[in-house]
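Q: These protein sequence lines map, in sequence, to chains F and Y.
The first sequence finishes on residue 202 if you use my numbering, and the numbering steps up by one all the way, no holes.
The second sequence finishes on residue 181 if you use my numbering, and the numbering steps up by one all the way, no holes.
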Amino acid sequence: MKNKIKVQRAIHNLTQDDLAKKIAVSRQTINTMESGKYVPSTVLALKMAKLFGVPVEELFELEDED
Amino acid sequence: MKQIKLFPHSYQRIGYVLLVPFLALGIAHMFFEFNPSWLEFKMITNGQLEFSASHNFTDEVASVGLIISLILIAFSKESIEDEAIQFFRLEALQWAVYANYLVLIISILAVYGTTFFQVMTYNMFTVLIIFILRFRYILFQYNKVGYEK
Numbered sequence: 137m138k139n140k141i142k143v144q145r146a147i148h149n150l151t152q153d154d155l156a157k158k159i160a161v162s163r164q165t166i167n168t169m170e171s172g173k174y175v176p177s178t179v180l181a182l183k184m185a186k187l188f189g190v191p192v193e194e195l196f197e198l199e200d201e202d
Numbered sequence: 033m034k035q036i037k038l039f040p041h042s043y044q045r046i047g048y049v050l051l052v053p054f055l056a057l058g059i060a061h062m063f064f065e066f067n068p069s070w071l072e073f074k075m076i077t078n079g080q081l082e083f084s085a086s087h088n089f090t091d092e093v094a095s096v097g098l099i100i101s102l103i104l105i106a107f108s109k110e111s112i113e114d115e116a117i118q119f120f121r122l123e124a125l126q127w128a129v130y131a132n133y134l135v136l137i138i139s140i141l142a143v144y145g146t147t148f149f150q151v152m153t154y155n156m157f158t159v160l161i162i163f164i165l166r167f168r169y170i171l172f173q174y175n176k177v178g179y180e181k
């Protein structure tokens, strides 16, 4: 699964720390999600989409192998 | 989201503090035949207090104490307990169960007689110990993740 968390974070001018605090997870979780090592739950995905004001499909995208 | 039931974060420290005396007691009992007289109790048999029969409770106290302290260390929340941490916790637990039973299978095949009882004694604690080590290692790797603006 691909994601555009990093891009959206840049658009909203947030550091990993800022985003982590806003959605109540650790900074490392943001990092591992951005690098695709951890796939967030639906709840967390929706929280981020809401925060960035985009539909969740814009934040996450399926890849061929999924 | 539904959370797994865990102890508060502060209980982890209590677990480590309790671990020291109980581990010391266990080691002293196992290897140096340490059986203090204040842990010697008269046993009630057939509903009567039999004065000849007594039992030393050193190993019982050490085992129960060790299990409780290991449980507290293993299943207390991290300072930030988010869903990724819970995922790693479950992953580590599964890994620990696999590793523990692999070691147990090898022991069953390789160790016989009374020595095997010693293996079973250690086996009461190994699943928790392996889990704690594995989980700590995963978190150590996780916390090394570099910082990006």
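Beta carbons are placed, not taken as given, at the ideal position from N, Cα and C, and that holds for glycine.
Every value quoted in this text rests on a predicted model; they were computed, and no experiment measured them.
Could you compute how far the alpha carbon of Lys181 of chain Y sits from the alpha carbon of Lys142 of chain F?
A: Reliability of the predicted coordinates at Lys181 of chain Y is poor, the pLDDT of 49 falling under 50, and the value obtained from them is presented with this limitation in mind. Answer to the nearest angstrom: the Cα atoms are 9 Å apart.
Q: Please list the partners that Asp114 of chain Y has in chain F, where partner means a Cβ-to-Cβ separation under 8 Å.
A: Under the 8 Å cutoff, chain F gives Ala160, Val161, Ser162, Thr165.
Q: Determine which residues share a DSSP beta bridge with His183 of chain Y and list them.
A: Outside the modelled stretch of chain Y, which goes from 33 to 181, sits residue 183 of chain Y, for which no answer is possible.
Q: What first and last residue would you give for the alpha helix (DSSP H) that runs through Met62 of chain Y?
A: Its alpha helix (DSSP H) spans residues 42-64.
Q: Grouping DSSP H, G and I as helix and E and B as strand, with all else coil, what is Phe108 of chain Y?
A: Checking the sequence shown, residue 108 of chain Y turns out to be Ser, not Phe. Reduced to three states, the DSSP call for Ser108 of chain Y is strand.
Q: Can you tell me which of the three DSSP states Glu194 of chain F falls into?
A: Of the three classes helix, strand and coil, the one that applies to Glu194 of chain F here is helix, per DSSP.
Q: Residues in the same chain with beta-carbon distance under 7 Å from Val192 of chain F, minus the five sequence neighbours each way, listed in chain order, please.
A: Taken in chain order, the residues that qualify are Ala181, Leu182, Ala185.
Q: Taking its Cβ as the centre, do 16 or more other Cβ atoms sit within 10 Å of Asn139 of chain F, making it buried, or is it exposed?
A: By the neighbour-count rule (16 or more Cβ atoms within 10 Å), Asn139 of chain F is buried.
Q: Are three or more beta carbon pairs between the region 96-110 of chain Y and the region 51-58 of chain Y nearer than 8 Å?
A: As far as the Cβ criterion goes, the region 96-110 of chain Y touches the region 51-58 of chain Y, which means the pair count is three or higher.
Q: At which residues does the alpha helix (DSSP H) containing Val143 of chain Y begin and terminate?
A: No alpha helix (DSSP H) holds Val143 of chain Y; DSSP gives it neither H nor E.
Q: Which same chain residues end up closer than 8 Å to Leu195 of chain F when comparing Cβ atoms and leaving out the 5 residues on each side of it in sequence?
A: Correct list, in chain order: Asn139, Lys140, Ile141, Gln144, Ala181, Met184, Ala185, Phe188.
Q: Does the region 136-148 of chain Y come within contact of the region 60-77 of chain Y, defined as at least 3 CB pairs closer than 8 Å?
A: No, because fewer than three Cβ pairs between the region 136-148 of chain Y and the region 60-77 of chain Y fall closer than 8 Å, the two stretches do not touch.
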